[in-house]
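Residue numbers (my numbering): 999 to 1126.
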């Protein structure tokens, strides 16, 4: 679970759920996959979430628009980001790294194609 000024967001076996500050009701997060969510993590100005077979997704807020950030088709067990724009993701097939350049997200610099991961590079394989 991740707590922000807007409320809380939790990874569950049915996707992401959020609760606004000062309320008790948990609601599904619209636009995020309704798949097993392993974890939500802060990433500077964004929030990252890793899903079973759905890759890593991101949003600027817990209530904002969620979008695929990469690794579609892989199970992302633990996404993480550093302040220098580098992101890492532990998956079911290894660890991947994405480096943002010129302050933009790599997916904006190089559009992702379905099933392809041009902005992410495998750094450690599960076979190593």
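For every residue, glycine included, the Cβ atom is placed at its ideal position computed from N, Cα and C. Predicted model, so just to flag it, every value in this text is computed and none were measured.
Residue i to residue j span [Cα, whole Å]
i: residue 1020; j: residue 1074; result: 31 Å
i: residue 1012; j: residue 999; result: 14 Å
i: residue 1066; j: residue 1084; result: 17 Å
i: residue 1024; j: residue 1082; result: 33 Å
i: residue 1028; j: residue 1093; result: 28 Å
i: residue 1080; j: residue 1050; result: 23 Å
i: residue 1037; j: residue 1078; result: 10 Å
i: residue 1007; j: residue 1097; result: 26 Å
i: residue 1047; j: residue 1091; result: 17 Å
Same chain, Cβ closer than 7 Å to residue i, five either side skipped, listed in chain order
i: residue 1061; result: 1004, 1016
i: residue 1043; result: 1058
i: residue 1002; result: 1060
Cβ pair residue i, residue j closer than 8 Å
i: residue 1057; j: residue 1045; result: yes
Supposed close pair residue i, residue j - CB separation, criterion 8 Å
i: residue 1053; j: residue 1076; result: Not quite, the Cβ-Cβ distance comes to about 13 Å (not below 8 Å), so this is no contact.
i: residue 1030; j: residue 1014; result: 5 Å
Own chain partners of residue i with C-beta closer than 6 Å, once the 5 adjacent residues on each side are dropped
i: residue 1088; result: 1075, 1076
i: residue 1018; result: 1005
i: residue 1034; result: 1011, 1050
Other residues of its chain near residue i: CB distance less than 8 Å, five sequence neighbours each side excluded
i: residue 1041; result: 1056, 1077, 1078, 1079, 1085
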